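Structure, as structure tokens:
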Amino acid sequence: VGLCAQDAHLFDSSVRENLLLARKDATEDELRDALKRARLLDWADGLPEGLDTLVGEHGARLSGGQRQRLALARALLADFPVLVLDEPAEHLDLPTADALTADLLAATEGRTTLLITHRLAGLEAVDEVVVLDQGQVVQRGTFAELASADGPLREMVAREEAADLLVGTR
Numbered sequence: 713v714g715l716c717a718q719d720a721h722l723f724d725s726s727v728r729e730n731l732l733l734a735r736k737d738a739t740e741d742e743l744r745d746a747l748k749r750a751r752l753l754d755w756a757d758g759l760p761e762g763l764d765t766l767v768g769e770h771g772a773r774l775s776g777g778q779r780q781r782l783a784l785a786r787a788l789l790a791d792f793p794v795l796v797l798d799e800p801a802e803h804l805d806l807p808t809a810d811a812l813t814a815d816l817l818a819a820t821e822g823r824t825t826l827l828i829t830h831r832l833a834g835l836e837a838v839d840e841v842v843v844l845d846q847g848q849v850v851q852r853g854t855f856a857e858l859a860s861a862d863g864p865l866r867e868m869v870a871r872e873e874a875a876d877l878l879v880g881t882r
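The numbering of the sequence shown is this note's numbering, which starts it at 713 and goes up by one.
Dropping the structure here:
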């Protein structure tokens with residue numbers, strides 16, 4: 713089981729070395745593919761030393777989003793049969809977060825993935841949605857079923873749609 717937590721831990725080494733922790737025999741192409749799936753390849757290609765650029769202690773030379781995506785790339789490279797993604801897009805702007813979530817769901821298709829999130833984007837692509845309230849399961853089913861039934865998920869959908877309308881009017 714692999715975990716990609718909200719607060720990604722990176723080591724005081726290079727981008728490459730942080731990735732190779734997941735699979736020490738990974739090829740350059742495999743490293744680049746993992747970075748691409750985490751929407752980080754263009755950034756990595758622009759670094760002064762490429763994949764050999766140092767990230768600093770705990771990734772101090774990176775933004776929160778870059779740290780998170782590098783940890784995601786590492787988890788994808790490890791190719792765990794079960795992957796837990798705990799708020800994988802937490803430190804990203806909303807359009808990037810939604811795009812990354814869609815990419816991750818596509819990249820993890822065919823394997824067991826537990827996505828812990830407060831965002832609804834991409835949930836229509838998952839097999840099952842489990843809604844928790846104060847640690848208790850209060851709804852369970854497909855996104856379409858839960859979004860059309862009275863309950864917390866439908867309320868979340870309505871709030872998110874209202875927020876999107878407000879943003880669209882600015």
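Glycine residues also receive a C-beta, built at the ideal position from the N, C-alpha and C atoms.
None of the values given here were measured: they were computed from a predicted structure.
field: Cβ distance (whole Å) where leucine 782 is taken to contact leucine 827 below 8 Å
entry: Position 70 of the sequence shown, counted from the first residue, corresponds to residue 782. Position 115 of the sequence shown, counted from the first residue, corresponds to residue 827. In fact, because the Cβ distance is near 19 Å, the residues do not count as touching under 8 Å.
field: alanine 874 burial status per 10 Å Cβ neighbour count (16 or more: buried)
entry: One-based indexing of the sequence shown puts residue 874 at position 162. Around the beta carbon of alanine 874, fewer than 16 other beta carbons sit within 10 angstroms, so the residue counts as exposed.
task: Starting from the C-beta of valine 842, find all residues in its chain whose C-beta is less than 7 Å away, skip the five residues before and the five after it, and write them out in chain order.
output: What you label residue 842 is simply residue 130 of the sequence shown in a count that begins at 1. Closer than 7 Å at Cβ, skipping near neighbours: Val849, Arg852.
Close Cβ partners of glutamate 836 (< 6 Å) along its chain, the five nearest in sequence each way excluded: Here residue 836 is taken as the residue at index 124 of the sequence shown, counted from 1. Excluding sequence neighbours, glutamate 836 sits near Phe855.
message: Can you tell me which residues form a DSSP beta bridge with serine 726?
response: Along the sequence shown, read from residue 1 onward, the residue named residue 726 stands at position 14. Paired residue(s): Leu766.
message: Give me the DSSP bridge partner(s) of arginine 852.
response: Translated into positions along the sequence shown, residue 852 becomes position 140. Val842.
message: Going by beta-carbon coordinates alone, are arginine 660 and aspartate 810 separated by less than 8 Å?
response: Nothing can be reported for residue 660: it is not among the residues displayed for the chain, which extend from 713 to 882.
- prompt: Hey, quick one: how far does the beta strand (DSSP E) through leucine 782 stretch, first residue to last?
  reply: Stepping through the sequence shown from its first residue, residue 782 is reached at position 70. No beta strand (DSSP E) contains leucine 782, which is instead part of the alpha helix (DSSP H) from 776-790.
message: Just list the residues that DSSP pairs valine 796 with in beta bridges.
response: Translated into the one-based positions of the sequence shown, residue 796 becomes position 84. The beta-bridge partner set that DSSP reports for valine 796 consists of Leu715, Leu826.
- prompt: Looking at C-alpha atoms only, which residue of Thr829, Leu774, Val727, Ser726 is the closest neighbour of alanine 717?
  reply: Taking the first residue of the sequence shown as position 1, residue 717 is located at position 5. With respect to the C-alpha of alanine 717, the residue from Thr829, Leu774, Val727, Ser726 having the closest C-alpha is Thr829.
message: Would arginine 773 and leucine 766 be called neighbours here (beta carbons separated by less than 8 Å)?
response: Residue 773 sits at position 61 when you count from the first residue of the sequence shown. Residue 766 sits at position 54 when you count from the first residue of the sequence shown. Result yes, Cβ atoms of arginine 773 and leucine 766 sit closer than 8 Å.
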